[in-house]
Amino acid sequence: MNPLKLGRASGVSAEDLQRHAAALAAALAAGAAQLDPVAAERARAVTAKVAERTAHTGSHTVVAFAGATGSGKSSLFNAVVGSDVATIGARRPTTSKPTAAIWGDEPAGPLLDWLEVDNRHQVGTGGSLDGLVLLDLPDFDSRESVNRAEAERMLELVDVFVWVTDPQKYADARLHDDYVAAMTNYDAVTIVVLNQADRLTPRQQQECLADLSRLLKRDGLTKAKVLATSARTGLGVGELREDLAQAVEGARAARTRLDADVRSVATALRHGVGDSEPELKGANTKELVTALARAAGVPTVAEAVRRDYQRQAVAATGWPFTRWVSALRPDPLKRLRLDPMEEKALGSREVRRSVTRSSIPEATPAAQAAVELAARRLAQSAGGDLPQPWAEAVALAALPSAAGRADDLDEAVVGTRLPGRRPMWWSVLGILQLLLALATVAGLVWLAAIFVVGWFQLPELPTVHVGPFALPFVLLAGGLALGWLLELISRWFASVGSRRRSAAARRKLDDAIATVADRSIVQPVAAVLARHRETRIQLDAAGATMPGAARRR
Numbered sequence: 078m079n080p081l082k083l084g085r086a087s088g089v090s091a092e093d094l095q096r097h098a099a100a101l102a103a104a105l106a107a108g109a110a111q112l113d114p115v116a117a118e119r120a121r122a123v124t125a126k127v128a129e130r131t132a133h134t135g136s137h138t139v140v141a142f143a144g145a146t147g148s149g150k151s152s153l154f155n156a157v158v159g160s161d162v163a164t165i166g167a168r169r170p171t172t173s174k175p176t177a178a179i180w181g182d183e184p185a186g187p188l189l190d191w192l193e194v195d196n197r198h199q200v201g202t203g204g205s206l207d208g209l210v211l212l213d214l215p216d217f218d219s220r221e222s223v224n225r226a227e228a229e230r231m232l233e234l235v236d237v238f239v240w241v242t243d244p245q246k247y248a249d250a251r252l253h254d255d256y257v258a259a260m261t262n263y264d265a266v267t268i269v270v271l272n273q274a275d276r277l278t279p280r281q282q283q284e285c286l287a288d289l290s291r292l293l294k295r296d297g298l299t300k301a302k303v304l305a306t307s308a309r310t311g312l313g314v315g316e317l318r319e320d321l322a323q324a325v326e327g328a329r330a331a332r333t334r335l336d337a338d339v340r341s342v343a344t345a346l347r348h349g350v351g352d353s354e355p356e357l358k359g360a361n362t363k364e365l366v367t368a369l370a371r372a373a374g375v376p377t378v379a380e381a382v383r384r385d386y387q388r389q390a391v392a393a394t395g396w397p398f399t400r401w402v403s404a405l406r407p408d409p410l411k412r413l414r415l416d417p418m419e420e421k422a423l424g425s426r427e428v429r430r431s432v433t434r435s436s437i438p439e440a441t442p443a444a445q446a447a448v449e450l451a452a453r454r455l456a457q458s459a460g461g462d463l464p465q466p467w468a469e470a471v472a473l474a475a476l477p478s479a480a481g482r483a484d485d486l487d488e489a490v491v492g493t494r495l496p497g498r499r500p501m502w503w504s505v506l507g508i509l510q511l512l513l514a515l516a517t518v519a520g521l522v523w524l525a526a527i528f529v530v531g532w533f534q535l536p537e538l539p540t541v542h543v544g545p546f547a548l549p550f551v552l553l554a555g556g557l558a559l560g561w562l563l564e565l566i567s568r569w570f571a572s573v574g575s576r577r578r579s580a581a582a583r584r585k586l587d588d589a590i591a592t593v594a595d596r597s598i599v600q601p602v603a604a605v606l607a608r609h610r611e612t613r614i615q616l617d618a619a620g621a622t623m624p625g626a627a628r629r630r
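Just so we're aligned, residue 78 is where the sequence shown starts under my numbering, counting upward by one.
See the structure below:
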């Protein structure tokens, strides 16, 4: 069986560890409430432990002997130390505190204070084990709950695990299900000892070691060292000391353990994060803008722009004798409080936007339902394939409050500069209508004068004929006929122009509504997706095992 190079196998440098821990902290910040709260709390504890443990590292490596009652771990502990440091047998079951043996002359007090280990024994200096802090933990299957809790607490803090079992309990379900199976990422810092091997024949030892190795591989510890020992005969004790010396060398095991902690919690968090982020589809965004435009009353405003154009066109190009009637018609834009003249009076669109609300009718229930449906479809498209907490965050981001949405839409409509340029043809036709009106008046006055002269039998006024018709009649009839014809032409032009202006207003309003949709719905949804992407990237950078890979393994 190949010896395990503890610590060296992982090659974890201090820079790697800090980078992984920083990535984990960044993932926690980005993931926020969408991460599993239990796993996130454990991850925060790990980041805190990395900071605290690295502050106390020095050249020390903490190795824990853990095992079940009767496995002989305290005897093995004493055999490694070379003296009876740990108490054995009937005097030990009530002990709930670990015992520490320290090699080397570098002070380990601050580290042991952090570990909360009071029972300390200085072994010596000058050997290959200098820097080793060896702990004998309480039995993990002790009848005393305080003993079990203390053992589990220490297992969270140590650098290297030495699981001590025996031929009777090496297949114990509690050992494998509650402890070994949870150490998947820790095989580089794990030694499993089959103690009391002197009770077995050489063949039985090989069979038990092979079966134990099989069980460990089933649990996910494919690289863990498996060793047969006997505290009574000294079998394997020297080899165990060599493995511990390798763990101590360069204090690599401490970083390896901490990095394994980071990777373990990162993997747990990674299962709650998707493997990619969907893109916001243009079709759903367009549907959302269309629904919001309807809720904002854009069709009403566009129709008002059309009617206002026609009203102004008639007032500018209609028959001068009847165009005053158009002044009696209500101004559709004024009724909606969207009159461009009001913007000029207030100075700017920004001022009008801040002090004015439109009189556009409130959105109907059907229009509001269409907005919610479009928002839900957008959320489904963006977050439907994400894990549930993220999908819920996307759905929540896509549904802002109805009141706030109505204010934003109204502000967008009020703040939009509607097309208001006066077309050139209005002036041209207006001048022609004025000339025709003057001709009509001139012809009428001329004919009236002729009639008065004839009535009073005065000398006839000179007149001019155009063909068979007198010029006054031509001026009157021609002015009326051409004025009427010109009004028909101007109404046709006004109809075409009003539709174009309405379409232009619709486009500008749709752009304003699209800005609202982007700011209030699309960007918040995109922000959730960006947080998901950052969380995924940071967890992968922290060394998380991909969910698919974990399942395949």
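Don't be surprised by glycine CBs; every beta carbon is placed ideally from N, CA and C. All of these numbers come straight from a predicted model, not from anything done at the bench.
With a 10 Å radius around the Cβ and a threshold of 16 neighbouring Cβ atoms, K294 comes out exposed.
Residues P409, S575 of the same chain have their beta carbon placed closer than 8 Å to that of R384, with the five preceding and five following residues left out of the count. DSSP links Q199 through a beta bridge to I179. Between the stretch 359-366 and the stretch 448-465, the count of Cβ pairs shorter than 8 Å is three or higher; the stretches touch.
Collapsing the DSSP output to three states places L271 in a strand.
Taking all protein chains shown into account, V350 has 16 or more neighbouring C-beta atoms within 10 Å of its C-beta and is therefore buried.
In this structure, DSSP gives K302 an extended state, which the three-state scheme calls strand.
In this structure the stretch 241-250 lies against the stretch 131-148, because at least three pairs of beta carbons, one per stretch, are closer than 8 Å. At a cut-off of 4 residues, the continuous stretches assigned as alpha helix (DSSP H) that sit fully inside the stretch 435-503 are 442-460, 465-474, 479-491. The residues G374, T377, in chain order, have a CB closer than 8 Å to that of P438 in the same chain once the five nearest residues on each side in sequence are set aside. When T138, L101, A393 are compared, the shortest CA-CA separation from V505 is found for A393. The way I'd put it, the stretch 100-111 does touch the stretch 609-619; three or more beta-carbon pairs between them come closer than 8 Å. The residue from A379, P114, S353 with its alpha-carbon nearest to that of L346 is P114.
Distances from the CA of V599 to each of D484, A474, F142 were compared; the closest alpha carbon is that of A474. For A322, the closest alpha carbon among the candidates D254, S152, W180 is that of W180. The Cβ atoms of L513 and G481 do not sit closer than 8 Å to each other. Your pair T333 and L317 does not check out as a contact, with CB atoms roughly 18 Å apart and the cut at 8 Å. Under the criterion of beta carbons closer than 8 Å, G555 and A516 qualify as touching, at roughly 7 Å. Under the 10 Å beta carbon count, L606 is surrounded by 16 or more other beta carbons and is classified as buried. If you ignore the 5 residues before and after L292, its C-beta comes within less than 7 Å of the C-beta of A248, H253, all in its own chain and listed in chain order.
If you keep only unbroken alpha helix (DSSP H) runs of at least 4 residues inside the stretch 83-148, you get 91-108, 114-132. In this structure, DSSP gives F528 a helical state, which the three-state scheme calls helix. With a cut-off of 8 Å on Cβ pairs, the stretch 386-402 is not in contact with the stretch 459-469, counting fewer than three such pairs. From the listed residues V382, T399, V223, V402, the smallest Cα separation to K411 is found for V382.
Secondary structure of L209 (DSSP, three-state): strand.
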